[in-house]
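Engineer: Counting in my numbering, the final residue of the sequence shown is number 268, and the numbers go up one at a time with none missing. Where a beta carbon is used, it is the ideal one built from N, C-alpha and C, also for glycine. Everything numeric in this text was worked out from a predicted model, so none of it was measured.
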Amino acid sequence: MSAVFALSSVGFSYREGAALDGIDLTVAAGERVALMGPNGSGKSTLLRLLCGLAFATAGEVRAFGAPLTEARLTQVAENTAFRRRVGLVFQSPDVQLFNPTVLDEIAFGPLQLGWSRAQVLAAVDAMLDRFGLGALRHRAPHRLSGGEKKKVALASVLVTEPEVLLLDEPTAALDPRSRDDLLELLSGELVRGRTVITATHEMDSVAEIAARAVVIAGGRIAADAPVAEVLADAALLQRVGLIRGAGRRLEA
Ligand SMILES: Nc1ncnc2c1ncn2[C@@H]1O[C@H](COP(=O)(O)OP(=O)(O)OP(=O)(O)O)[C@@H](O)[C@H]1O
Ligand SMILES: [Mg+2]
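1) Below 8 Å, how does it come out for the region 149-165 and the region 124-139: are there three or more Cβ pairs, yes or no?
2) Find the nearest neighbour of G150 within the set A134, L119 and E179, judged by alpha-carbon distance.
3) Could you tell me which of A227, R260, E205 and R236 sits nearest to V246, measuring between CA atoms?
4) Looking at A161 and ligand 1, is the gap between the Cβ and the nearest heavy atom below 8 Å?
5) Which residues in the same chain as G257 place their Cβ atom closer than 7 Å to its Cβ, once the five residues preceding and following it in sequence are excluded?
6) Determine the extent of the beta strand (DSSP E) in which E76 is found, giving its start and end residues.
7) Could you tell me if the beta carbon of D184 falls within a distance shorter than 8 Å of some heavy atom in ligand 4?
8) Does the beta-carbon of N115, which I'm using as the reference point, lie nearer than 8 Å to any heavy atom of ligand 1?
9) Starting from T90, trace the beta strand (DSSP E) both ways and give me its first and last residue.
10) Excluding the 5 residues preceding and the 5 following N95 in the sequence, name in chain order all residues of the same chain whose CB lies nearer than 6 Å to its CB.
11) Are F21 and A79 closer than 9 Å when you measure CB to CB?
12) Which residues does DSSP list as the beta-bridge partners of S24?
13) State the Cα-Cα distance for the pair A215 and V77, rounded to the nearest angstrom.
14) Give me the Cα-Cα distance between G68 and K166, rounded to the nearest whole angstrom.
15) Which value, in whole angstroms, describes the spacing of the CA atoms of D40 and A238?
16) Taking only runs that begin and end inside the region 150-215, name each unbroken alpha helix (DSSP H) of 4 or more residues, in chain order.
17) How about A19: is its Cβ closer than 8 Å to a heavy atom in ligand 2?
18) Please report the straight-line C-alpha distance between L36 and S18, rounded to a whole angstrom.
19) Taking the straight line between their C-alpha atoms, what separation do you get for I225 and L199?
20) Going by DSSP, what residue range makes up the alpha helix (DSSP H) through A134?
21) Counting only the same chain and skipping the five closest in sequence on each side, list residues whose C-beta sits under 7 Å from that of N115.
22) Cutting at 6 Å between CB atoms, please list the residues of its own chain near Q112, excluding the five before and the five after it.
23) Closest to A97 by C-alpha separation, out of T176, L51 and D145, would be which residue?
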């Protein structure tokens, strides 16, 4: 299988300091990868590099066989082609949603791609149905609840069926039923054949959404192995803070 992403010795620093360091990672087409790590470990930063919203300050990120650089993405044709292939659902839907209604929000991507009116309406309806958002179609996205916003953000990316999906904590803020529905989507037909990279620290659902787990701690890769193997490594999970240690600091 060809590599969708190939990162070698990748580092990234914000003005405040380094967030990623020495990342070597190859993701093949069709893989389902979980990016696991505690708060602040660098998961969202890594997803931003993979979707070309930020650029490595050390090493090289390659996407679809070519370096993913700022220069490449400032060319309109390259940018359009890349954005068509890779979709990111942000951790915070507030960053993502900007249209006046839910309908416009989900239709935006298809309209950008030049779909016909009939195609757009059919695809939007299917997404509204899938996420149980029908009653909210004329509502303003910024005035929805947190979980409703998250669903609209997911629908607005999934509607164009990008071949690579980057999902940043997709089930955070969802109630148990919505969470189960989404996990079913993310393990079913909707993602079949696609490359899906999901940042999460939800240990109980990771096996449903990924076959491979990349554990990040302090901006570095601490483990890269089949999910079952990582989940069985209690010492690793405790060391990086993904499961509770013996002494819970907030307890008396
Ligand atoms: N916009 C930013 N400017 C400066 N520093 C940032 C910015 N975003 C993140 N950081 C820092 O970079 C590091 C990695 O953050 P990142 O958001 O990638 O972590 P994360 O693994 O996604 O965490 P979480 O589980 O809380 O979402 C943290 O130390 C964080 O404080
Ligand atoms: Mg994050």
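Structural biologist: In brief:
1) The region 149-165, when compared against the region 124-139, does not touch it at the 8 Å Cβ threshold.
2) L119
3) Ranking A227, R260, E205 and R236 by Cα distance to V246 puts A227 first.
4) It is Ser, not Ala, that sits at residue 161 in the sequence shown. Flag unset: Cβ of S161 not near ligand 1.
5) P54
6) Membership of E76 in the beta strand (DSSP E) is indicated by the continuous run A74 to A79.
7) For the structure depicted, ligand 4 is absent and the ligand set comprises only ligand 1 and ligand 2.
8) no
9) Per DSSP, T90 belongs to no beta strand (DSSP E); it is in the alpha helix (DSSP H), E86 to T90.
10) L89
11) Their beta carbons are under 9 Å apart, which means F21 touches A79 by this criterion.
12) According to the DSSP secondary-structure assignment, S24 is paired through a beta bridge with E76.
13) 18 Å
14) 22 Å
15) Taking the straight line from one Cα to the other gives about 11 Å.
16) Counting only runs of at least 4 residues, the region 150-215 fully encloses the following alpha helix (DSSP H) elements, listed from N- to C-terminal order: 162-174 and 192-202.
17) no
18) 25 Å
19) A straight-line Cα-Cα distance of about 7 Å links I225 and L199.
20) Looking at the DSSP string, the run of the alpha helix (DSSP H) that includes A134 is R133 to R146.
21) E121, F124 and P157
22) If we look at Q112 and ignore the five residues flanking it on each side, its Cβ neighbours are F106 and A169.
23) T176
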